[in-house]
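Sequential numbering from 479 applies to the sequence shown in this note's numbering.
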Amino acid sequence: MKITTCPVCGSRENRVLFSDRNRRDGLDCEGTYVRCRKCGLVYLGVRPDWQTICGYYGSTNADVTANTGRLDIEAYRRQLEKKLPVWTKRPHLLRRDPHSWPFEKPAAGRNRMLDIGCGCGYRLFEFSVRGYETWGIDVSADAIDVCRKILPKGRFFCGEPETLSLPENYFDYIRLDNVLEHVPDPVKTLGRCFSLLRNQGRIFVYVPHAHGLGLKIFRQDSVVSWIPFHLQLFTRESLKDALSTAGFSRNRVCGHNQSGWLALSLAQRRSRGRRKAALNAGHCAKYLCRALGFAAGKFGLSEELAAAGIKNA
Ligand SMILES: [Zn+2]
C-alpha cells in the first residue's frame with residue numbers, strides 16, 4: 479500500500495530516498511522510504527498493510543530469548559542484576575544514559591512507571607530496583623510471561639496501548655523505548671500516552687535517528703532502515719512536532735550514541751546479497767565503529783534520539 483501523507487505533519491510533499499527489501503530477517507517483503515519535505519520525517523511510503531506487518535512480527539523472533547520457550551528465568555534474572563547500572567545503588571555515580579530517565583529517586587506516591595513495548599522487562603527491572611511501581615505492556619505474550627516471572631509485583635498486559643483498558647490520568651512516567659518507529663500512527667500513540675499520564679506526568683521517547691551517521695553512510699544497509707518494521711524514522715524536529723501535536727509541552731530532544739548500531743550496519747553491508755544479513759561485525763570493527771559513533775554524536779549525527787515531554791493539562 480502507498481502512504482501519501484506524512485504521519486506527523488500531514489504534508490503530501492516528499493521525496494523518495496530508496497527502495498529496498500527486508501534484509502535482517504529473510505522476509506520476502508519490499509518497501510520504499512521517503513522523506514517529508516516539511517518536517518523531515520523519513521517514512522515507509524510504500525509498505526505492506528498493517529495486518530500483514532503484524533503477521534511478520536510473529537515470524538522474526540527466533541533470536542529473542544523469550545520466544546524460544548527455553549529461557550532460564552533464574553539465569554536471566556542474574557544477567558539483569560549484573561547489568562544494572564552502577565548508579566542504581568550509588569546515585570552519586572550517575573552516568574548520563576537517557577535510557578535511565580528519570581535519574582531522581584521516585585517521590586512518595588509519585589512512582590508509577592509504564593513501559594510501552596517493555597519486551598522481557600530489561601529496563602523495568604532496573605526501575606523496580608530503584609523503587610518504581612512497574613507496569614508494562616507488549617504485543618508479545620511470551621515476553622509478558624517473562625516479565626511476570628522476573629517482576630512478580632509488576633502489572634503486565636499483552637496488547638497495544640490504544641486498545642488495552644488502562645487507568646487514565648494515572649501514571650507518573652511513561653517510556654516508549656524504540657517503539658514509536660514501529661506504530662502505524664505515532665501521534666495517536668503519543669495521544670494515548672497523554673491521556674494515561676497524570677497532570678505533570680512525564681514521557682520519555684527513544685527512536686532511531688533519521689539524520690544519524692548510519693543512515694547517511696550505509697543507507698539501506700543501516701540497521702535503522704528495517705523494512706517493514708521501521709515505519710518512520712524521526713529527526714529532532716519531527717519528534718518534537720509529534721510530541722507537541724499530541725499535547726505535550728516543554729519537549730526536548732537530544733542525541734544518544736548507540737555504540738553497537740554502526741557495527742551492526744557494517745556487518746549488514748558486508749553480508750549484502752545473502753538472503754538473511756549477518757549481524758556480527760567482529761571485535762576490531764566494533765571498537766572502530768564505537769569511536770566513529772562517539773565522534774558523530776558530537777556533530778549531531780547520533781544513531782538514536784532521546785526525547786522528554788510533560789503533560790501540562
Ligand atoms: Zn512531515
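From the three backbone atoms N, C-alpha and C, an ideal C-beta is built for every residue, glycine too.
Nearest-angstrom Cβ-Cβ length linking residue i and residue j, presumed shorter than 8 Å
| i | j | result |
| --- | --- | --- |
| histidine 558 | isoleucine 628 | First, the residue type needs correcting, since residue 558 is leucine and not histidine in the sequence shown. Sure, about 7 Å apart at Cβ, within 8 Å. |
| leucine 691 | glycine 771 | 7 Å |
| alanine 724 | phenylalanine 672 | 5 Å |
| alanine 741 | lysine 764 | 5 Å |
| arginine 590 | tyrosine 648 | 6 Å |
| alanine 720 | proline 662 | Not a contact, Cβ separation roughly 13 Å. |
Contact check, residue i vs residue j, beta carbons under 8 Å
| i | j | result |
| --- | --- | --- |
| aspartate 498 | isoleucine 695 | no |
| glycine 599 | valine 624 | yes |
| leucine 505 | tyrosine 534 | yes |
| cysteine 619 | cysteine 596 | According to the sequence provided, residue 619 is alanine. The question's cysteine does not apply to it. Contact flag unset, no. |
| histidine 687 | leucine 766 | no |
| lysine 666 | glutamate 640 | yes |
| aspartate 527 | histidine 577 | no |
| glutamine 710 | tyrosine 521 | yes |
| aspartate 503 | lysine 754 | yes |
| isoleucine 615 | leucine 642 | yes |
| arginine 750 | aspartate 699 | yes |
| serine 737 | arginine 768 | yes |
| alanine 773 | serine 780 | no |
Residues near residue i by beta carbon distance below 6 Å, same chain, minus five either side
| i | result |
| --- | --- |
| threonine 483 | Arg490 |
| tryptophan 579 | Phe682 |
| arginine 728 | Ile788 |
| lysine 718 | Asn729, Val731 |
| leucine 693 | Ser700, Val702 |
| glutamate 508 | Arg499 |
| isoleucine 793 | Coverage of the chain is limited to positions 479 through 791, which leaves residue 793 absent and any answer about it impossible. |
| arginine 653 | Asp593, Phe682 |
| glutamate 611 | Asn589, Arg590 |
| isoleucine 622 | Asp616, Phe634, Cys636 |
Given residue i as reference, the closest of the options once Cα atoms are compared
| i | options | result |
| --- | --- | --- |
| valine 486 | Gly597, Gly669, Lys561 | Gly669 |
| phenylalanine 605 | Asp650, Ser618, Val661 | Asp650 |
| glycine 708 | Asn735, Arg501, Lys516 | For clarity, residue 708 is histidine in the given sequence; the question names glycine instead. The option with the nearest alpha carbon to histidine 708 is Arg501. |
| valine 702 | Met479, Asn492, Tyr511, Val494 | Tyr511 |
| asparagine 677 | Val683, Glu646, Thr667, Val657 | Glu646 |
| leucine 495 | Ser716, Pro584, His689 | His689 |
| valine 607 | Glu715, Ala621, Pro630, Arg493 | Pro630 |
| glycine 679 | Arg626, Ala585, Cys514 | Ala585 |
| leucine 674 | Leu592, Ala621, Tyr610, Asn492 | Leu592 |
| glycine 518 | Leu693, Thr713, Glu508, Gly509 | Thr713 |
| histidine 734 | Arg515, Asp575, Asn492 | Asp575 |
| lysine 801 | Thr530, Val524, Gly488 | Absent from the model: residue 801. The displayed extent of the chain is 479 to 791, so no value can be given. |
| leucine 644 | Tyr610, Ile594, Ile622, Glu582 | Ile594 |
| serine 806 | Glu552, Cys762, Gly523, Ala785 | No statement about residue 806 is possible, as the shown extent of the chain runs from 479 to 791 and does not include it. |
| valine 524 | His660, Met479, Phe581 | Met479 |
Any non-hydrogen atom of ligand 1 closer than 7 Å to residue i Cβ
| i | result |
| --- | --- |
| serine 489 | yes |
| serine 722 | no |
| leucine 522 | no |
| serine 716 | yes |
| valine 661 | no |
| leucine 658 | no |
| lysine 480 | no |
| cysteine 514 | yes |
| valine 486 | yes |
Residues near residue i in its chain [Cβ-Cβ closer than 7 Å; skip 5 each side]
| i | result |
| --- | --- |
| arginine 633 | Trp613 |
| serine 722 | Asn729 |
| alanine 791 | Asn677 |
| arginine 513 | Asn492, Arg493, Leu495, Val520 |
| phenylalanine 437 | Residue 437 is absent from the model: the chain starts at 479 and stops at 791. |
| valine 542 | Note that valine 542 has pLDDT 45, beneath the 50 cutoff, so the model's placement of it is unreliable and no number is given. |
| glycine 609 | Lys583, Pro584, Asn589 |
| asparagine 758 | Ala745 |
Residue i: CB within 7 Å of a non-hydrogen atom of ligand 3
| i | result |
| --- | --- |
| leucine 519 | Ligands displayed in this structure: ligand 1; ligand 3 is not among them. |
Close beta carbons around residue i, own chain, < 8 Å, minus the five adjacent residues each side
| i | result |
| --- | --- |
| arginine 626 | Gly632, Phe634 |
| histidine 660 | Gly595, Phe707, His708, Leu709 |
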